[in-house]
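Engineer: This is the structure, below, for whatever I ask next.
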């Protein structure tokens with residue numbers, strides 16, 4: 022009956038299947054690792070660009086807030102001198118406050134504009150998208166009989 026004897030034809034096909042399956046798993050893991058590395062590189066680049074945009078915007082907002090506070094201080098100074106019946110003059114500290122406020126408001130507007138412009142022309146994850154499109158095309162071609 023052949024107890025103890027193995028069928029040689031089934032062993033060859035199963036070992037070939039095991040080798041092909043092992044090669045497929047190795048290739049799939051290598052493919053996924055390479056795609057992951059590419060994604061990590063592009064994510065780092067995107068984080069740098071968004072970090073720069075965020076930093077410029079925050080710096081601009083801080084400058085705008087300082088400018089606003091200086092305008093308030095200048096207006097309070099002018100109102101105080103108006104109600105104190107002294108002469109309204111911008112030659113004292115109120116004029117300096119308005120000048121520094123104007124400087125801060127201008128700088129804040131420039132920084133916010135720079136933050137909006139930076140990275141607009143950059144397409145994020147362009148290489149990853151292209152590779153995924155290539156993979157989709159390859160899969161479609163493999164499905165066709």
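In this note's numbering, the protein residues as written are 22 to 166.
We treat Cβ as the ideally placed atom computed from N, Cα and C, and that holds for glycine.
Nothing here was measured: the structure is a model prediction, and the numbers come from that model.
#1: Once the 5 residues before and after residue 60 are set aside, which same chain residues still bring their CB inside 6 Å of it?
#2: Using the C-alpha atoms, what's the distance from residue 108 back to residue 129?
#3: Might you give, ordered along the chain, the residues of its own chain that have their beta carbon closer than 7 Å to the beta carbon of residue 91, omitting 5 neighbours on each side?
#4: Quick check: the Cα distance between residue 26 and residue 39, rounded to an integer number of angstroms?
#5: On the criterion of 16 or more Cβ atoms from any shown chain inside 10 Å, does residue 143 qualify as buried, or is it exposed?
#6: How about the segment 77-88 and the segment 132-141: do they share at least three Cβ pairs that are nearer than 8 Å?
#7: May I ask you to report which of helix, strand or coil DSSP gives residue 151?
#8: Mapping DSSP to helix, strand and coil, what is residue 165?
#9: Which residue comes first and which comes last in the alpha helix (DSSP H) that contains residue 115?
#10: Quick one: is residue 95 buried, meaning 16 or more other Cβ sit within 10 Å of its Cβ, or exposed?
#11: If I measure Cβ to Cβ from residue 145 and keep anything under 6 Å in the same chain, skipping five residues before and after, which residues do I get?
Structural biologist: Per the coordinate set shown:
#1: 149
#2: 32 Å
#3: 118, 121, 122 and 125
#4: Bear in mind that the predicted position of residue 26 carries a pLDDT of just 44, short of 50, making it too unreliable to give a figure here.
#5: exposed
#6: yes
#7: helix
#8: coil
#9: 114-138
#10: buried
#11: 67
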